[in-house]
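Numbered according to the working numbering, the sequence shown spans residues 2 to 285. Ideal Cβ placement from N, Cα and C applies to all residues, glycine included. If you're wondering where the values come from, they're calculated on a predicted model, not measured in any experiment. One structure below.
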Amino acid sequence: MPYDVVDRSEAAELARGNPHSFLHVGRSDIDLPPDTDPHDPSIYSRAREALDELIERGTLLRDDERSLYLYRQVMNGRTQTGLVGCVHIEDYEIDVIRKHEKTRPDKEDDRTRHVLTLNAHAEPVFLAYRGRPEIDELTASVVSTAPLYDFTAPDGVRHTVWKIQRTEPWLRGFAQIPHGYVADGHHRSASAWRAGKQRRAANSNHTGDEEYNWFLAVLFPADTLTIMPYHRLVRDLAGQTPEAVLHRLGQVGRISRGAPEPRCPGCFGVYLKGDWYHVALEES
């Protein structure tokens, strides 16, 4: 679960009585006094301690060799299956891995400190790619075998994991993929890049193959994804009337009455004064 999906109280409740919960690493503030500053050094040192404890207890295991995994989620009857592996920070830097959101410096700073203190990436980045038949065939061949893990979480989502035995066909297949697209994890990927650059600058013998050059990702074919809406609630119109807000929106796009679902790129829905409006931004 990404660190910013739940607040401190929700994370504490989810991890209550469960020393194996990874929330002790991703939200280590749950194991510190409630008034601890979110950027206090103890936040990061406690996260490292929690990670070390999971390794010492055998909750987390290190593979003896470089590996790839296939990961399937089933929720409400819909299935998406992605490849779990590491991607290179240079692909992020040169826009092979493409972004669509701007990031906040404070959140980047926080996650970069987290990565550097843990010496690990605590959460994967969710990447989408344009599917290819040969990769679909590889996926079908793996999911027909016995999984490594298969369970349904308390929220009803089923998780299944397979370890890929022959990685070469997958590496060849993904070498033909021109781009990955960050679907979730813009701050995590930006922080991975920043942490890698810091480690690179401190290593006079840098080669590009060191572990700090890579970060964890799950790559899903875009045509299998269910894209959920991303809502924002504005509680204050800053003294403007609803009519004034609509007028100002009309200065940057075309407005029509309609359903909230976007009809095209650069479109979004606005619920105002008891009605839905469709806004299509003008191309710049």
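Nearest in C-alpha terms to residue 134, of all of 223, 230, 186, is 223. Straight-line measurement puts the Cα of residue 214 at about 23 angstroms from the Cα of residue 23.
When C-beta atoms of the region 251 to 261 are compared with those of the region 105 to 114, fewer than three pairs fall below 8 angstroms, so the two segments do not count as touching. In terms of CA proximity to residue 243, 274 leads the group 267, 265, 274. Per the coordinates, the alpha-carbon of residue 20 lies some 11 angstroms from the alpha-carbon of residue 52. For the 9 angstroms CB-CB criterion, residue 36 and residue 44 do not form a contact. In this structure, residue 128 sits away from residue 165, with a CB-CB distance that is not shorter than 9 angstroms. Note that the region 190 to 209 does not touch the region 63 to 82; fewer than 3 beta-carbon pairs, one per stretch, sit closer than 8 angstroms. When DSSP states are grouped into helix, strand and coil, residue 231 belongs to the coil group.
Nearest in C-alpha terms to residue 90, of all of 226, 101, 212, 276, is 212.
If you draw a 10 Å sphere on the C-beta of residue 231, you find fewer than 16 other C-beta atoms in it, and that means exposed.
In the same chain as residue 257, and ignoring 5 residues on each side of it, the C-beta atoms closer than 6 angstroms to its own belong to 279, in chain order.
Contact holds between the region 180 to 190 and the region 115 to 131, because three or more Cβ pairs, one in each stretch, are under 8 angstroms apart. Across the set 181, 191, 132, the C-alpha of 132 shows the shortest separation from the C-alpha of residue 225.
Looking at the DSSP output, residue 86 sits in a beta bridge with 218. When beta bridges are read from the DSSP output, residue 71 appears opposite 84, 163. The C-alpha of residue 48 lies about 33 angstroms from the C-alpha of residue 171.
Our two residues, residue 122 and residue 82, have alpha carbons roughly 21 angstroms apart in a direct line.
Residue 152 counts as exposed, since fewer than 16 other C-beta atoms from the protein chains shown sit within 10 angstroms of its C-beta.
The residue from 247, 162, 180, 56 with its alpha-carbon nearest to that of residue 145 is 162.
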